[in-house]
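Enquirer: Okay, here's the structure, questions in a sec.
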Amino acid sequence: VEGEALFRRERQALADLRHPHVARLLDGGRGEDGRPWFAMEYVEGERLDDHCVNGALPRRQRLELFLQLCSALAFAHARGVIHRDIKPSNVLVDADGSVKLLDFGIARLLGQGDALGDGAYTPGFASPEQLRREPATVASDIYQLGRLLACLLSADRIEQATIVEATRLPANDADEGRDRHKAANAPLPSSLPADLAAILHKAQADEPTARYASVDALVADVQAFIAHRPVNARPSSALYRGQRFLQRHPLASTATLLALAML
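Residue numbers for the sequence shown follow our numbering, beginning at 41 and rising by one.
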């Protein structure tokens, strides 16, 4: 009885996730075998990673699409719902260029049991705590956001993740999950800006407490990178802040240098 009540609460929580970047839950229930089922809004679109590659999108546009996804996760987290399986095939881009997050079917309410399934996860995107069969939290979703962003910024990551993503494993297959997780962890490209690399490392820290405390904190750093402002993922220093100031104000900086040269 308690499990059924939790299932109904979680189903209602998912139905209440009305957000422009979340595919809506239309209906749900249990089959004759007692397993839960869900009917989701149909979304006509292209996988996020394919959309970035096929459109040869520049980094700025990839980051803006990622921020749309983050707004969906922040909305869900604020309502106590975690996704647990963020990966490229669960994020589509429609004809209008709008991101849609799919498959909240294994999502659950924070602090509750796994009423919606067996805790399955996708190798290559699961957090270390999921591989250890520990409960997923907001930090787990943040880790998966970091993995996804790394894919969007690296062709090698996209290729490896597509191969490894093919199968969702049950939570009790931890050894196989760890092997596939490592296979998807291609090195970040050396051409990646240091600020972005720092953001990715923080989001994907092994320890949940070392990651961003919230999706909003991750968003703040991505927006800071786009605006050439210092990011919190890197240690602050006068030199670092000065470099970012020069990036934001190149004309003023050039004028200052010319004035000094004329003295």
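Every residue gets a Cβ at the ideal spot worked out from N, C-alpha and C, and that includes glycine.
1) Near Gly282, which residues of its chain fall below 7 Å by C-beta distance, leaving aside the five closest residues on each side in sequence?
2) Of the choices Ile126, Leu66, Met80, whose alpha-carbon is the least far from that of Ala112?
3) Where do the N-terminal and C-terminal ends of the alpha helix (DSSP H) with Asp136 fall, by residue?
4) In the DSSP assignment, the alpha helix (DSSP H) including Asp256 goes from what residue to what residue?
5) Considering Cα atoms alone, identify which of Phe106, Leu286, Leu141, Ser277 is closest to Leu258.
6) Hey, which unbroken runs of the alpha helix (DSSP H) at 4 residues or more fall wholly within the region 57–135?
7) If contact is defined by three or more beta carbon pairs under 8 Å, each pair taking one atom from either stretch, is the region 92–99 in contact with the region 52–62?
8) Going by DSSP in three states, Leu279 sits in which element: helix, strand or coil?
9) What does the Cβ neighbour count give for Tyr252, buried or exposed, with the cut at 16 atoms within 10 Å?
10) Starting from the Cα of Arg172, find the closest Cα among Arg284, Ala118, Phe47, Pro248 and give me that residue.
11) Pick helix, strand or coil for Leu17, following the three-state DSSP scheme.
12) What's the C-alpha gap between Ala223 and Pro128?
13) Would you say Cys92 and Leu232 are within 7 Å of each other, going by their C-beta atoms?
14) Under 7 Å, Cβ to Cβ, is there at least one residue of chain D near Ser230?
15) Does Arg58 pass the burial test, meaning 16 or more other C-beta atoms within 10 Å, or should it be called exposed?
16) Here's a check: name, in chain order, each residue in its chain whose Cβ is nearer than 7 Å to the Cβ of Val271, leaving out the five neighbours to either side.
17) Does Tyr183 come out as helix, strand or coil in the three-state DSSP assignment?
18) Tell me whether the beta-carbon of Ala114 lies closer than 7 Å to the beta-carbon of Val255.
19) Starting from the C-beta of Val133, find all residues in its chain whose C-beta is less than 7 Å away, skip the five residues before and the five after it, and write them out in chain order.
20) Return the residue from the list Pro60, Arg48, Arg288 that minimises the CA-CA distance to Asp67.
21) Could you tell me which residues DSSP puts in a beta bridge with Leu171?
22) State the DSSP-derived secondary structure class of Leu141, mapped to helix, strand or coil.
23) Tell me, to the nearest whole angstrom, how far the beta carbon of Ile122 is from that of Thr162; I am working on the premise that it is less than 8 Å.
24) Residues in its own chain within less than 7 Å of Pro168 by CB, not counting five upstream and five downstream?
25) For Ala166, which three-state DSSP category applies?
26) Taking only the alpha-carbon atoms, compute the straight-line gap between Gly164 and Leu286 and give it to the nearest angstrom.
Expert: To lay it out plainly:
1) none
2) Ile126
3) Premise fails: Asp136 is in no alpha helix (DSSP H) and is neither H nor E.
4) 255–266
5) Phe106
6) 88–94, 99–118
7) In short, these stretches do not touch, since the Cβ pair count stays below three.
8) helix
9) buried
10) Pro248
11) With the chain running from 41 to 303 in the structure shown, residue 17 is simply not present.
12) Because the pLDDT of Ala223 is 46, which lies under 50, any placement of that residue in the model is unreliable, and the question is left without a value.
13) no
14) Protein chain content of the structure displayed is limited to a single chain, and chain D is not contained in it.
15) exposed
16) Short of 7 Å from the beta carbon of Val271, and not among the five residues preceding or following it, lie these beta carbons of its own chain, in chain order: Asp235, Ala238, Ile239, Asp261, Ala264, Phe265.
17) In this structure, Tyr183 counts as helix in the three-state DSSP scheme.
18) Against a cut-off of 7 Å, the Cβ pair of Val255 and Ala114 comes out as a contact.
19) Gly85, Glu86, Leu88, His91, Leu105, Val139
20) Arg48
21) Beta-bridge pairing links Leu171 to no other residue.
22) strand
23) With 8 Å as the limit, Ile122 and Thr162 do not qualify as a contact, their Cβ atoms being about 15 Å apart.
24) Asp246
25) coil
26) Take the alpha-carbon of Gly164 and the one of Leu286: they are about 38 Å apart.
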